[in-house]
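Worksheet for the structure shown next.
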Amino acid sequence: MTRQQKAVWTAQRLGNPGDAYNIPVAFRLSGPLDVDILDRALCELIARHPALRSQADAHGESQELSADVPDRVLRVHEAPGQDWNPHLTEAARTPFRADTSLRLRADLFRDSPEDAVLLLVLDHLAADATSVGLLLDDLSALCTAHADAKEPHPAAAPEGGYFAYARAQQAYEESPEGRRDQEFWADYVRGANAVPSGLERVAGAEADGPGTSSIDVRLPEDLRRRCARRARRLRPAPPAAEGDPAGVAGAGPGHPLRAGPVRLRLPAGDRHHR
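At position 229 of the sequence shown the residue is numbered 342 (this note's numbering), and the sequence of numbers has no breaks.
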């Protein structure tokens, strides 16, 4: 498993089973739909991408692959005129079971033969924002190939795929350079009060919600100047471009650039993502 997967696996085990690491993707489908073709394409997608049929071991150190590819994946629900939103919500929020190797679920909610909603739910252990797009492109190409024998079949996925990347990451972490990186960051955060005695509550959070801790990170002067120039070219909100702390105190992803010192504020109970 990669470091990122171990972080997700640990977070899933620390909290109650829920949908925090579900990735739902829904599509409104209009026009004639061959359910069998869609189902065959989904089964082949799982066969082509082993991560979609993998299961973490009991210690979260490695993944066990299932050689079994399901004959059917798509669950079809038909009830014309019904409000599907509650059913979509329930299907999207259902957590993945730890004792199953299937990391993809597919539900088709049909209002009529030519009007339906397709809901795909992926486990974050097997997919992220980037790979979801790649998987959907692959699924589209597979559907086309199954619908028309003249259409070329998608090229096979690279041998090893994500698991080759995981092995390469592990090899790097065990290398002298990787150990130096780990020592650098261990020294950098040494002395940081990760769990302060008087936890500072996030504004608006419930009384029993997570506390926060902070670490000051100062950018090199050259990098600060380059970021400031880049910010001016991108024309973000003026406070973010000019380095005004008031413009960054509550900044989210829309304000990633700041010309002055940067303070990172992370939940104290979620140290695995650091």
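Idealized CB from N, CA, C, for every residue including glycine. As the structure is a prediction and not an experimental result, all values here were calculated from the model.
I'd like to check one pair, residue j with residue i: are the Cβ atoms closer than 9 Å?
i, j, result
"F222", "L201", "yes"
"S175", "A239", "no"
"L252", "L165", "no"
"L233", "L215", "no"
"L146", "E227", "yes"
"D236", "Y301", "no"
"H266", "D220", "no"
"D132", "T207", "yes"
"R116", "E296", "no"
"P137", "A205", "yes"
"P199", "G274", "no"
"W197", "D224", "yes"
"Q118", "A279", "yes"
Helix, strand or coil, according to DSSP, for residue i in the structure here?
i, result
"Q176", "strand"
"R338", "helix"
"V138", "strand"
"F222", "strand"
"S326", "Bear in mind that the predicted position of S326 carries a pLDDT of just 49, short of 50, making it too unreliable to give a figure here."
"E296", "helix"
"L247", "helix"
"R346", "helix"
"D181", "coil"
"K119", "helix"
"R153", "helix"
"Q283", "helix"
"A268", "coil"
"P199", "helix"
"H259", "helix"
"V148", "helix"
"G363", "Its pLDDT being 32, under 50, G363 is placed unreliably in this model, and the value from its coordinates should be taken loosely. G363: coil per DSSP, three-state reduction."
"G274", "helix"
"R331", "coil"
"P208", "coil"
"G131", "coil"
"G291", "helix"
"R161", "helix"
How would you write the range of the beta strand (DSSP E) that residue i sits in, first residue to last?
i, result
"E191", "187-191"
"S167", "167-169"
Using the DSSP secondary-structure output, state which residues sit across from residue i in a beta bridge.
i, result
"S143", "D228"
"L252", "DSSP output for L252 lists no bridge partner at all."
"L126", "Per the sequence shown, residue 126 should be read as Arg rather than Leu. Note: R126 sits in no beta bridge, so no partner."
"D241", "Answer is none; D241 lacks a bridge partner."
"V234", "P137, R218"
So residue i and residue j are supposed to be a Cβ contact under 8 Å. How far apart are they, rounded?
i, j, result
"E264", "A258", "5 Å"
"E157", "L255", "5 Å"
"G173", "T123", "6 Å"
"V230", "L142", "7 Å"
"V187", "V148", "The sequence shown places Leu at residue 187, not Val. Right, their Cβ atoms sit about 7 Å apart."
"P193", "I159", "The pair is not a contact, with the Cβ atoms about 30 Å apart (cut-off 8 Å)."
"A421", "M114", "Because the chain in this structure spans residues 114 to 387, residue 421 falls outside the shown range and cannot be described."
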